[in-house]
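Going by the numbering used here, the sequence shown opens with residue 30, and the numbers climb by one from there. For glycine and all other residues, C-beta sits at the position ideal for the given N, C-alpha and C. Bear in mind the structure is a predicted one, so any value in this text is a computation, not a measurement.
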Amino acid sequence: MMGTARRPGTPGTGRAASTDAVHAGEQEPRPEGAVVTPIYQTANYELRGEDYHDIGYIRLSTTPNHRVLGERIAALEGTEAALVLASGMAAISGSLLTVLSSGDHVLVQDTLYGGTASLLQQDLPRFGIGHTVIDPQDPSGWAASLTPTTRAMYVETLTNPLVQVADLEAVVAFAREHGLVTMIDNTFASPINFRPAEIGFDLVLESCTKYMNGHSDIVAGSVAGPADLVRRVKVMQDHLGGSLDPHAAFLLERGLKTLGVRVREQNASAGRLAARLEAHPAVSVVHYPGLESHAQHERAARLFDGFGGMMSFELEGGTDAAEAFMSALEIPMLAASLGGPESLVVRPAAAVHAGMSAEERAKAGIRDALIRFSTGLEATEDLAADLDRALASLPRAVAGLTA
Ligand SMILES: *Cc1c(COP(=O)(O)O)cnc(C)c1O
């Protein structure tokens, strides 16, 4: 059953996420009565006796635009504090560099966002930070990967592009037992569908570029968690310089106001399209956590309030059919990224996961023929008709329908 009874919000607001997305953290009193937070387009502010970290300066993320967003995102994630940053990668890199020091080690799940994976593989080892890849579905194997310097565990709520769900409750339990900091990239779910802090995750990271902003027009990121830890990530990013520009902050705040309606619509639309694709004879497999055929459907239904807008699938006709099908689509654009109003389609092996070797992709289960579909906000019936028409346009031999 879906957990409709949960009422996310900062302890004390007692309000639903849709309300917090519109109002949490707004300025009191409203400057000049302004209904929306104005853009504070000023690099620095007059000194009024603040300590160093509270000085008004864009790079220190201390402007009113930053403060409102920090409180709003903390309310949505149900955490003590949150910080907005220049991108999802600023949130991820800043958090890893805060939690881990030279000589430290982190356990990471097997499939990770490409930027995160290459940060771990290419950059962090130069600073003496190592990692071990664990199977997120098999907690019995995790202890063997621990070292005396293991400090943290890093996972993603839904993996890209197979939308798998790690044993998230076991991650929290294992980390508590061994004194590790837990970090989770919640981008594919957004706090409308899942709030990892509710089950005990320490740091919750979002690429706000995706569902949080939801309009495909800015890059931004957020880090949410206990106030002391978020504060340390802020100081790290004060030095690295990955702060969010006030214009982008304004757009993110505007985008966040509709997070609830957007994500619920994308959940509903994706659910209907996934079921329709699964029933189509030209489709061999659909990966979507809302389908009963999904290996972690029971876990997703228990933990999440919605299954998200992302799915992936394969056609009976393989890669040739996938290419022909994607070019026959009229509504979805051929593009990477996700979470915006526009439906997007991409073949990961040829685009977002092209940087991996064929062996690495095979190991991660990312087959060449796999198609990733990010459900936008177009009418479900128009998307369904477009998918049907594109599938019907495939010559029977290409579609793999020989019978
Ligand atoms: C896009 C994305 C990121 C990186 O975010 P940017 O805003 O592009 O820096 C990180 N994790 C996931 C899951 C993403 O989809």
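Asked, Found
"CA-to-CA distance, Ala350 to Thr108, given in whole angstroms", "46 Å"
"Three or more C-beta pairs below 8 Å linking the region 318–335 and the region 302–310", "yes"
"Three-pair Cβ contact test at 8 Å for the region 270–290 versus the region 129–139", "no"
"Buried versus exposed, by CB contacts within 10 Å (16 or more), Asn73", "exposed"
"Segment limits, alpha helix (DSSP H) that includes Glu352", "Gly347 to Ala357"
"Closest Cα partner of Ala297 within the set Leu141, Leu76, Val312 and Ala413", "Ala413"
"Where Phe156 falls, given that 16 or more other Cβ within 10 Å makes a residue buried", "exposed"
"Contact belief for Ser403 with Leu358 at Cβ below 8 Å, rounded distance in angstroms", "No, Ser403 and Leu358 are not in contact; Cβ-Cβ is about 13 Å, not under 8 Å."
"Run of the beta strand (DSSP E) containing Asp214, from where it starts to where it stops", "Val210 to Asp214"
"Distance CB(Leu175)-CB(His207) smaller than 8 Å", "yes"
"C-alpha distance - Ala46 paired with Ser422, whole-angstrom precision", "42 Å"
"Proximity below 8 Å, CB of Val248 to CB of Tyr183", "no"
"Three or more C-beta pairs below 8 Å linking the region 370–380 and the region 212–219", "no"
"Contiguous beta strand (DSSP E) assignments of at least 3 residues, all confined to the region 293–317", "312–316"
"Coarse secondary structure for Val264, derived from DSSP in three states", "helix"
"Beta-carbon separation (whole angstroms), Ser251 vs Ser90, contact threshold 8 Å", "Going by Cβ atoms, the distance from Ser251 to Ser90 rounds to 11 Å, so no, they are not a contact pair."
"Nearest-angstrom Cα separation, counted from Leu148 out to Ala330", "32 Å"
"Burial state of Thr71 (16 or more Cβ within 10 Å)", "exposed"
"For Ser122, three-class secondary structure by DSSP", "helix"
"Glu185: CB within 7 Å of a non-hydrogen atom of ligand 1", "yes"
"Counterpart residues of His326 in DSSP-defined beta bridges", "DSSP output for His326 lists no bridge partner at all."
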